[in-house]
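Here the sequence shown stands for residues 1 to 168, numbered as in the UniProt record's numbering. Taking it in order: structure first as C-alpha cells, then the write-up.
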Amino acid sequence: MTQPITASELAQLLDLHANPLRLFAAQWSNSPDDCVQEAFVQLAAQTFKPEQPLSWLYQVVRRRALNDLRGSKRRTDRERQIARPDLVTSNPADQLMVHEEHQRIQKSLDSLPAESRELIVLRIWSGLKWSEIGELTGCSSSAAQRRFVLALSMMKESLESKCLTKRK
C-alpha cells in the first residue's frame, strides 16, 4: 500500500472506467470530463495506491463535481447518451424507435430525486458493487440496495404512466 499506482494500473482504470465516471460526474457538473481528468491526475500523483482505487476515483470525481455544482449554482447536463452499441441499427424506423426510447428513459431518470438517480447510475451504468455504492453514498450496502429498488420502482411507474398516456 506504500507504493504508488503503476502506469499500467492507471491505464487500465482509465480504459475501463473513464466513461462511467464521466456519466457519474455529469449529474452535477457541466464539465464532467474535467472532473474525471483531475481525479486521474490526482490518483497518479498519490504517493501511495489507495486500497480500492475505483472507489477512491468515484469519491474524488463526486467531490469535484459537487464543487462545480455549488460554484455554478445551476443544474447540469446530467447523464450522457445511454445508447449501447448493440442497439445501433441501420434501419431509420428502428433508429427512431431506439432514440424515442432513450428519450423516455432519460426523462424518467431526470424526474427522479438526485439521490435515486445517483444510485441507478452507480449500479447500472458504473457497475459498482453494493459495498462501494454504500461507501460512496454514506449508507450501508443493504440500504443502498433498498434505495436502488425503490428508485427503479419509481422509474418503472414513470415509464408505465407515460406508456398508458400515449395509448389513450
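Just so you know, even glycine gets a beta-carbon here, dropped at the ideal spot from N, CA and C.
Legend entry - Expected contact under 8 angstroms - CB spacing of Arg-62 and Leu-136 to nearest Å: 7 angstroms
Inset, instruction - Please state whether DSSP places Thr-6 in a helix, a strand or coil. - result: In the structure shown, Thr-6 falls within a coil segment according to DSSP collapsed to helix, strand and coil.
Legend entry - Given 8 angstroms, three or more beta-carbon pairs between the stretch 22 to 41 and the stretch 65 to 72: yes
Inset, instruction - Taking only the alpha-carbon atoms, compute the straight-line gap between Gly-127 and Ala-93 and give it to the nearest angstrom. - result: 31 angstroms
Legend entry - Three-state class that DSSP yields for Trp-28 in the structure shown: Annotated three-state conformation of Trp-28 is coil, per DSSP.
Inset, instruction - State the CB to CB distance for the pair Pro-53 and Ile-5, rounded to an integer number of angstroms; the pair is presumed to be in contact (CB under 8 angstroms). - result: 6 angstroms
Legend entry - Unbroken alpha helix (DSSP H) run spanning Gln-106, endpoints: 92 to 111
Inset, instruction - Take Asp-15 and list the residues in its own chain whose beta-carbon comes closer than 6 angstroms to its own, dropping the five residues that flank it on each side. - result: none
Inset, instruction - Find out if the Cβ-Cβ distance for the pair Leu-150, Ile-133 is shorter than 8 angstroms. - result: For the 8 angstroms CB-CB criterion, Leu-150 and Ile-133 do not form a contact.
Inset, instruction - Go through its chain and collect everything with a Cβ distance to Trp-125's Cβ below 6 angstroms, but skip five positions before and after it. - result: Pro-20, Leu-23
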